[in-house]
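Q:
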Amino acid sequence: MRLSRRLIFLLVALVAIAAYPLWPDGSILESAWFSVVGLGCAATIVTTIRRRRVPGAAAWCWFAAGIALNSLGTLVAMVFTPDSWPSAGDPFYLALYPALTIGLILIIRARTEVRDWGAVVDTTTISTGLGLLTWVFIIRPLAGDATGSMIARVVSIAYPVGDIVLLSMLVRLLLGAGARNPAFRALGASLALFLSGDVAWAVINHVGWVPTPLVNQALPMGFLLAYALPVVAALHPSAREVAAPGDRRSTTLRPLMLGLLSAASLIAPGILAVQVVHGEVTDGLAIAIGSTALFLLVVTRMAQLVRHVEAQAAQLRDLATIDELTGLPNRRGWTAALSVALEQARRDGTPLSVAMIDLDHFKRFNDELGHQAGDRLLRGAAAAWRDALRGADQIARYGGEEFIVLLTGADAATAERVLERLRPATPAGQTFSAGVATWAAPETSEELIARADRALYGAKESGRDRTVFAEAVAA
752 MRLSRRLIFL
762 LVALVAIAAY
772 PLWPDGSILE
782 SAWFSVVGLG
792 CAATIVTTIR
802 RRRVPGAAAW
812 CWFAAGIALN
822 SLGTLVAMVF
832 TPDSWPSAGD
842 PFYLALYPAL
852 TIGLILIIRA
862 RTEVRDWGAV
872 VDTTTISTGL
882 GLLTWVFIIR
892 PLAGDATGSM
902 IARVVSIAYP
912 VGDIVLLSML
922 VRLLLGAGAR
932 NPAFRALGAS
942 LALFLSGDVA
952 WAVINHVGWV
962 PTPLVNQALP
972 MGFLLAYALP
982 VVAALHPSAR
992 EVAAPGDRRS
1002 TTLRPLMLGL
1012 LSAASLIAPG
1022 ILAVQVVHGE
1032 VTDGLAIAIG
1042 STALFLLVVT
1052 RMAQLVRHVE
1062 AQAAQLRDLA
1072 TIDELTGLPN
1082 RRGWTAALSV
1092 ALEQARRDGT
1102 PLSVAMIDLD
1112 HFKRFNDELG
1122 HQAGDRLLRG
1132 AAAAWRDALR
1142 GADQIARYGG
1152 EEFIVLLTGA
1162 DAATAERVLE
1172 RLRPATPAGQ
1182 TFSAGVATWA
1192 APETSEELIA
1202 RADRALYGAK
1212 ESGRDRTVFA
1222 EAVAA
């Protein structure tokens, strides 16, 4: 049924757009037809969103409002001020920009659960470069045009300013989190058509070219298609995901984005070079401000990337030394701590012991209750034993159900007392076997661990649920 509605709307919209050139050029019927199509699209968006209860309805309503007002401007201008500039329709035309901007902001906020500062900086960089370009070639010439009234200059400047703001929001939307589904792409295509149409009109007005009748018809038809695409998006099933939170996008720069940022950063020196070649620098202050802003934005982005790389490096270091299941140090991390502790014991002459701990009958527990229960037992035992140890002791997962404990400043008697504190803390009523070895110079760390391991084997061989101490090192 939804597919049928989409097909029906597409057929009606294409017929309505194709019929636009049939009306006399510049006539009130042509303007009325343009407004009717736009208002129809806006009404269809609102009714579709309400009927389907699409999330983010406020954003869609703002889109509809912008389309309705923008399309109505053509009819208002034709009826009230057909031959004047600015016209009575300009406030309606300009209403498109804040309406679409608010809608985009609402969607961006809904799609982004965590503030993505990288996307913000990238968007600002591109917008700053394009803003400088717009200022030099469009806004400043319009502002300095003394032939028109102040109101005419303000209205003329408002259009490129609105385009820059809208383009910034579109770039931010594309860089942010969220699904890239058909409804999202239809909205993006609509915004791109709006911006393309405005750029085309700006270029035509800037060069003073009188458009042909074909161009006069093609450009409005592009706007009509831009009105229709949000309706297509609203009718598509994926519209429900447009305002849904999405995974944060990668902090790293893709080649395309790196190219866009590089191009934006080179706009200021490029404009300066063009003006130097022509023998007159007319926008020195604007170029200086733009260059400074772009430089600071690039430095900020580099700092973000460096922090991201440092965070990833720290995460990799943690992954290399931390056991994922229990959160305890793994064998590699614990061995490094043992080397430091042995050096200190050798220097200070303080005792040091190592205990190997093995959960009794863990395989049987795993087979009877399942691997998830076994994982819970390992996590629970790791947390309970860590809390029961002294502050200076260090426990690690050695492998499987085996754990190893570094007992600094502990002789055999102290080690036994510490291990006895661990037995009642063992979860699920389980028991463990332990082997303890106390270090004696000049024993190496490998030899110390090997003695503790042999003692553990002796504890399991003699009935489990006990602690066995390794024989002293022969003098």
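Using our numbering, you'd call the opening residue of the sequence shown number 752 and step up by one each time. Note that the Cβ used here is the ideal one computed from N, Cα and C, for glycine as well.
Pairs of beta-carbons, one from the stretch 865–882 and one from the stretch 1013–1023, closer than 8 Å: are there three or more?
A: Touching, yes, given that three or more Cβ pairs across the two stretches are closer than 8 Å.
Q: If we call anything under 8 Å between Cβ atoms a contact, is residue 1186 one with residue 1106?
A: Stepping through the sequence shown from its first residue, residue 1186 is reached at position 435. Stepping through the sequence shown from its first residue, residue 1106 is reached at position 355. In contact: residue 1186 and residue 1106 (Cβ atoms closer than 8 Å).
Q: Would you identify the three-state DSSP class for residue 892, choosing helix, strand or coil?
A: Position 141 of the sequence shown, counted from the start, is the residue given in the question as residue 892. Helix, per DSSP.
Q: Can you look up residue 717 in the DSSP assignment and give me helix, strand or coil?
A: The chain is shown only over 752 to 1226; residue 717 falls outside these bounds and no answer can be derived.
Q: If the criterion is Cβ atoms closer than 8 Å, does the pair residue 1102 and residue 1195 meet it?
A: Numbered from 1 along the sequence shown, position 351 holds the residue referred to as residue 1102. Numbered from 1 along the sequence shown, position 444 holds the residue referred to as residue 1195. Contact flag unset, no.
Q: When burial is assigned at 16 or more other CB atoms within 10 Å of the CB, is residue 920 buried or exposed?
A: What you label residue 920 is simply residue 169 of the sequence shown in a count that begins at 1. When all chains shown are included, residue 920 counts as buried.
Q: Tell me the rounded alpha-carbon separation between residue 1078 and residue 1137.
A: Taking the sequence shown and counting its residues from 1, one reaches residue 1078 at position 327. Taking the sequence shown and counting its residues from 1, one reaches residue 1137 at position 386. Straight-line Cα distance between these residues: approximately 11 Å.
Q: Roughly how many angstroms lie between the CA atoms of residue 1217 and residue 1130, to the nearest whole one?
A: Here residue 1217 corresponds to residue number 466 of the sequence shown, with the count starting at 1. Here residue 1130 corresponds to residue number 379 of the sequence shown, with the count starting at 1. Computed Cα separation, rounded: 21 Å.
Q: Quick one, which of 862, 765, 1052, 1159 has its alpha-carbon nearest residue 1096's?
A: For the purposes of this step, residue 1096 is identified with residue 345 of the sequence shown, where counting begins at 1. With distances taken between Cα atoms, residue 1096 lies closest to 1159.
Q: Name the DSSP beta bridge partners of residue 1109, please?
A: The sequence position of residue 1109 within the sequence shown is 358, counting from 1. Answer is 1153, 1184, bridged to residue 1109.
Q: Name the residue from 1044, 1145, 1098 whose alpha carbon lies nearest to the alpha carbon of residue 1084.
A: The count along the sequence shown starts at 1 and reaches residue 1084 at position 333. Nearest of 1044, 1145, 1098 to residue 1084, Cα basis: 1145.
Q: Please look up how many angstroms separate the CB atoms of residue 927 and residue 863, rounded, as I've assumed it's under 8 Å.
A: Translated into positions along the sequence shown, residue 927 becomes position 176. Translated into positions along the sequence shown, residue 863 becomes position 112. The Cβ separation is near 5 Å, so the contact holds.
Q: To the nearest angstrom, how far is the alpha carbon of residue 772 from that of residue 964?
A: Counting from one through the sequence shown, the residue named residue 772 turns up at place 21. Counting from one through the sequence shown, the residue named residue 964 turns up at place 213. Each residue's alpha carbon lies about 10 Å from the other.
Q: When we look at the beta-carbon of residue 1233 and count the other beta-carbons within 10 Å, is it buried (16 or more) or exposed?
A: No statement about residue 1233 is possible, as the shown extent of the chain runs from 752 to 1226 and does not include it.
Q: Report yes or no: do the stretch 828–835 and the stretch 895–905 share at least 3 C-beta pairs separated by less than 8 Å?
A: Touching, no.
Q: In chain order, what residues of the same chain have a beta carbon less than 6 Å from the beta carbon of residue 933, not counting five sequence neighbours either side?
A: Taking the sequence shown and counting its residues from 1, the one referred to as residue 933 is at position 182. Same-chain partners within the cutoff: 987, 989.
Q: Reducing DSSP to helix, strand and coil, say where residue 1159 ends up.
A: On the sequence shown, position 408 is the one that residue 1159 refers to. In this structure, residue 1159 counts as strand in the three-state DSSP scheme.
Q: Cα-Cα, which of 977, 1155, 982, 1093 is closest to residue 801?
A: The residue labelled residue 801 in the question sits at position 50 within the sequence shown. Among 977, 1155, 982, 1093, the Cα nearest to that of residue 801 belongs to 982.
Q: Mind checking who residue 1220 pairs with in its DSSP beta bridge?
A: Residue mapping note: residue 1220 aligns to position 469 of the sequence shown, counting from 1. Note: residue 1220 sits in a beta bridge opposite 1187.
Q: Say the cut is 7 Å; is the CB of residue 799 nearer than that to a heavy atom of the ligand ZN?
A: No copy of the ligand ZN appears in this structure; indeed no ligand is present at all.
Q: Exposed or buried, which one is residue 701 when buried takes at least 16 other CB atoms within 10 Å?
A: A query on residue 701 cannot be resolved here, the shown segment of the chain reaching from 752 to 1226 and no further.
Q: Which term fits residue 781, buried or exposed, when burial requires 16 or more other beta carbons within 10 angstroms of its beta carbon?
A: Indexing the sequence shown from 1 puts residue 781 at position 30. With 16 or more Cβ atoms within 10 Å of its Cβ, residue 781 is classed as buried.
Q: What residue range does the alpha helix (DSSP H) around residue 849 cover?
A: As a first step, residue 849 is located in the sequence shown; it is residue number 98 there, counting from the start. Residue 849 -> alpha helix (DSSP H) spans 847–862.
Q: Residue range of the alpha helix (DSSP H) that residue 1204 falls in?
A: Mapped onto the sequence shown, residue 1204 falls at position 453. 1196–1212 is the extent of the alpha helix (DSSP H) around residue 1204.
Q: In angstroms with no decimal places, state the Cα-to-Cα distance between residue 948 and residue 973.
A: Sequence index remark: in the sequence shown, residue 948 carries index 197 (1-based). Sequence index remark: in the sequence shown, residue 973 carries index 222 (1-based). The alpha-carbon atoms of residue 948 and residue 973 are separated by roughly 7 Å.
Q: Counting C-beta neighbours from all protein chains within 10 Å, is the total for residue 1046 16 or more, i.e. buried, or is it exposed?
A: The residue you call residue 1046 lines up with position 295 of the sequence shown. It is exposed - the Cβ of residue 1046 has fewer than 16 other Cβ atoms within 10 Å.
Q: Taking the C-alpha atoms as reference points, what is the distance between residue 1092 and residue 1202?
A: Taking the sequence shown and counting its residues from 1, the one referred to as residue 1092 is at position 341. Taking the sequence shown and counting its residues from 1, the one referred to as residue 1202 is at position 451. Cα to Cα, the separation comes out at about 17 Å.
Q: Taking the alpha helix (DSSP H) that residue 781 falls in, what are its first and last residues?
A: Locating residue 781 in the sequence shown gives position 30, where the first residue counts as 1. That run of the alpha helix (DSSP H) goes 779–803.
Q: What is the C-beta distance between residue 1181 and residue 1111, in whole angstroms, given that I count them as a contact (C-beta under 8 Å)?
A: For the purposes of this step, residue 1181 is taken as the residue at position 430 of the sequence shown. For the purposes of this step, residue 1111 is taken as the residue at position 360 of the sequence shown. At roughly 7 Å, the Cβ-Cβ gap stays under 8 Å, so residue 1181 and residue 1111 are in contact.
Q: Which runs of the beta strand (DSSP E) spanning at least 3 residues fall entirely within the stretch 975–1010, listed in chain order?
A: Complete beta strand (DSSP E) runs here, min 3: none at all.
Q: At the level of alpha carbons, what is the spacing between residue 853 and residue 1081?
A: As a first step, residue 853 is located in the sequence shown; it is residue number 102 there, counting from the start. As a first step, residue 1081 is located in the sequence shown; it is residue number 330 there, counting from the start. Roughly 51 Å separates the two Cα atoms.
Q: Under three-state DSSP, which class holds residue 752?
A: By one-based count along the sequence shown, residue 752 stands at place 1. Bear in mind that a pLDDT of 42 at residue 752, under 50, signals an unreliable position, so the number given afterwards is only what the model happens to contain. It is coil, neither helix nor strand.
Q: Using the three-state DSSP reduction, which class does residue 1088 fall into: helix, strand or coil?
A: Looking up residue 1088 in the sequence shown gives position 337. It is helical.
Q: Would you call residue 1090 buried or exposed, if buried means 16 or more other Cβ atoms sit within 10 Å of its Cβ?
A: The residue labelled residue 1090 in the question sits at position 339 within the sequence shown. So residue 1090 counts as exposed.
Q: In angstroms, rounded to a whole number, what distance separates the CA positions of residue 1028 and residue 1050?
A: By 1-based counting over the sequence shown, the position of residue 1028 is 277. By 1-based counting over the sequence shown, the position of residue 1050 is 299. Cα to Cα, residue 1028 sits roughly 29 Å from residue 1050.
Q: Residue 765: buried (16+ other C-beta within 10 angstroms of its C-beta) or exposed?
A: Residue mapping note: residue 765 aligns to position 14 of the sequence shown, counting from 1. When all chains shown are included, residue 765 counts as exposed.
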